[in-house]
Structures are given as C-alpha cells and as structure tokens.
C-alpha cells in the first residue's frame, strides 16, 4: 500500500486457513492444508473455468494442458479472522511508525535501501525462539 497499491493478492497467505478449500492433513507431526493453485494441472482437469482463465478451454487431452500453477501443501494457520487481525494490526503499527493517519497519507512514504546485513540485524538474532508469534515467521 505504501508503494501505491490499492489492493493486494493474498492467495498463498490465506491458503492455510480453515476457510480455504482443501483438506487439513497431518504430515510429520505438523498440520497442513492441501493447496491447488487455479492454474495447476489438477485444477484445469477438474474445472473448466481454470482452463478458460489460462486460454486452454479448447484443450481436450489432459496431456496437452500447460499448467501455470502448482499443487502441494501449506502450513495450517487457523482462521482467516486471525490472519486479518494480524494484517490490520501490522498496517496500523506501520502507519503509526511513519506518521500516516490515513492510507492515502501512507502512499507518500519514502523508501530506503537496506543491506542484507541490516535486514539480519533488524530481525531477532542470537536467540532461540521458544514461543512462535502469530505474525512472525523466520
């Protein structure tokens, strides 16, 4: 948003939620959601609108489809509500840091370059995280 966007795509961010399609599975002791991108081979085989979106509506033989997506599993993350809560909180905190009372004001933000070393230093280091925060993944 600070770079001028009016919207954002959250497909992969929300793919592991309770509300997303796909099964919740247990794999090596961790919970995951199965994920099938709209441009994946499985989606194009199962749904004609997936083929339409990728201009392959006339392809009859599945061997001739050219997928533009993947199938796999993503970490289970709980409800959409909890994710949205963290996103809104992060946005509000960011706006406060830069003194932007509105999203329109946020769009006047200035960007700086950060080195890889600076980015590492800005994150927790020299510590083993024992309690995972809902808004932080290493």
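In our numbering, the protein residues as written are 1310 to 1447. Cβ coordinates follow ideal geometry from the N, Cα and C atoms, glycine included.
Rounded separation between residue i and residue j - CA only
i	j	result
residue 1374	residue 1400	40 Å
residue 1405	residue 1418	12 Å
residue 1355	residue 1317	27 Å
residue 1357	residue 1370	13 Å
Own chain residues within Cβ distance below 6 Å of residue i, not counting five before or after
i	result
residue 1416	1313
residue 1409	1415
residue 1353	1359, 1360, 1374
residue 1311	1415, 1418
CB of residue i within 7 Å of CB of residue j, strictly
i	j	result
residue 1386	residue 1333	no
residue 1342	residue 1329	yes
residue 1379	residue 1346	yes
residue 1383	residue 1344	yes
residue 1372	residue 1363	no
Extent of the continuous alpha helix (DSSP H) run through residue i
i	result
residue 1258	The first residue shown for the chain is 1310 and the last is 1447, placing residue 1258 beyond what the model contains.
residue 1536	Because the chain spans 1310 through 1447 in this model, residue 1536 falls outside it and cannot be assessed.
residue 1362	1357 to 1362
Terminal residues of the beta strand (DSSP E) in which residue i lies
i	result
residue 1322	Counting along the chain, residue 1322 falls outside any beta strand (DSSP E), though it belongs to the alpha helix (DSSP H) covering 1320 to 1323.
Same chain only: Cβ atoms within 8 Å of residue i, ignoring 5 sequence neighbours per side
i	result
residue 1395	1443, 1444
residue 1338	none
Those residues which DSSP pairs with residue i across a bridge
i	result
residue 1466	What is shown of the chain runs 1310 to 1447, which leaves residue 1466 out entirely.
residue 1339	1336
Contacts around residue i, its chain only, beta-carbon distance under 7 Å, and the 5 residues preceding and following it disregarded
i	result
residue 1323	1329, 1389, 1392
residue 1350	1374, 1376
Within-7 Å CB hit, residue i to chain B
i	result
residue 1374	You won't find chain B in this structure, because it holds only one protein chain.
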